[in-house]
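Terminal number for the sequence shown in our numbering: 271, no gaps in between. Inspection log for the structure reproduced underneath, given as structure tokens.
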Amino acid sequence: QQQLYAEYAQHDFSFVKKSAETKVEQKLLSTAQKRLKEGKYQVALNSLNQYADLQPQDQEAALARGIALLELGSDYPLARTIIQDLIDSKSLLANDGLWYLALLDLKLGNFTDAKQSLRAIPQSSARSAKAQELLQRLDD
Numbered sequence: 132q133q134q135l136y137a138e139y140a141q142h143d144f145s146f147v148k149k150s151a152e153t154k155v156e157q158k159l160l161s162t163a164q165k166r167l168k169e170g171k172y173q174v175a176l177n178s179l180n181q182y183a184d185l186q187p188q189d190q191e192a193a194l195a196r197g198i199a200l201l202e203l204g205s206d207y208p209l210a211r212t213i214i215q216d217l218i219d220s221k222s223l224l225a226n227d228g229l230w231y232l233a234l235l236d237l238k239l240g241n242f243t244d245a246k247q248s249l250r251a252i253p254q255s256s257a258r259s260a261k262a263q264e265l266l267q268r269l270d271d
């Protein structure tokens, strides 16, 4: 399961906004994005947590925060809550949320739940092809 997770957990953090309302917010996001790309998830998470206190409605940053928690493995329940909130909001990131919820369950060995999330990703989503591929591998 860990090998399969590692194969599919390829993150693109370009969705994290570079435009923030204040210089402090800009610095926090800039630091977070740089550290996420370097795989320094704890440092990124520290910046993202501070940013979330200032801009709790920023869904791109919330997703990045959920991914950082997922990668760290330090607080899976919080990662699940953050990702589930994105799905429940029916935002543009809801399908990304379903993808990362599936990866979270895959990492934890909850294959039934992972499959359920993968099946919920619509065919019109950019994540659809990878979701179907992973679903087929989990069914094998």
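All residues carry an ideal CB built from backbone N, CA and C; glycine is no exception.
Task: Cα-Cα separation, Gln186 to Ser222 - done: As a working mapping, residue 186 is identified with position 55 in the sequence shown. As a working mapping, residue 222 is identified with position 91 in the sequence shown. Spanning the two alpha carbons is a distance of roughly 16 Å.
Open item on the list: By the three-class DSSP mapping on this structure, what secondary structure does Pro253 have?
Closed with: For this step, residue 253 is matched to residue 122 along the sequence shown. The answer is coil: DSSP assigns Pro253 none of H, G, I, E or B.
Task: Residue environment, Ala192, which counts as buried when at least 16 other CB atoms sit within 10 Å - done: By one-based count along the sequence shown, residue 192 stands at place 61. If you draw a 10 Å sphere on the C-beta of Ala192, you find 16 or more other C-beta atoms in it, and that means buried.
Task: Glu264 burial status per 10 Å Cβ neighbour count (16 or more: buried) - done: Within the sequence shown, residue 264 is the residue found at index 133, counting from 1. With fewer than 16 other Cβ atoms within 10 Å, it is exposed.
Open item on the list: Can you give me the C-alpha to C-alpha distance between Lys165 and Leu269, rounded to a whole angstrom?
Closed with: For the purposes of this step, residue 165 is taken as the residue at position 34 of the sequence shown. For the purposes of this step, residue 269 is taken as the residue at position 138 of the sequence shown. C-alpha separation (whole angstroms): 33 Å.
- [ ] Count the other CB atoms, across all protein chains shown, that sit within 10 Å of the CB of Arg250; report buried if there are 16 or more and exposed otherwise.
- [x] Here residue 250 corresponds to residue number 119 of the sequence shown, with the count starting at 1. Exposed, because fewer than 16 other Cβ atoms sit within 10 Å of the Cβ of Arg250.
- [ ] Would you check whether the ligand ADP has a heavy atom nearer than 7 Å to the C-beta of Asp189?
- [x] The ligand ADP is not part of the structure shown, which contains no ligands of any sort.
Open item on the list: With a threshold of 7 Å on Cβ separation, who are the neighbours of Ser256 within its own chain once the five nearest residues in sequence on each side are excluded?
Closed with: Translated into positions along the sequence shown, residue 256 becomes position 125. Taken in chain order, the residues that qualify are Asn226.
Task: Lys158 (DSSP reduced to helix, strand or coil) - done: Translated into the one-based positions of the sequence shown, residue 158 becomes position 27. Note: Lys158 maps to helix in three-state DSSP.
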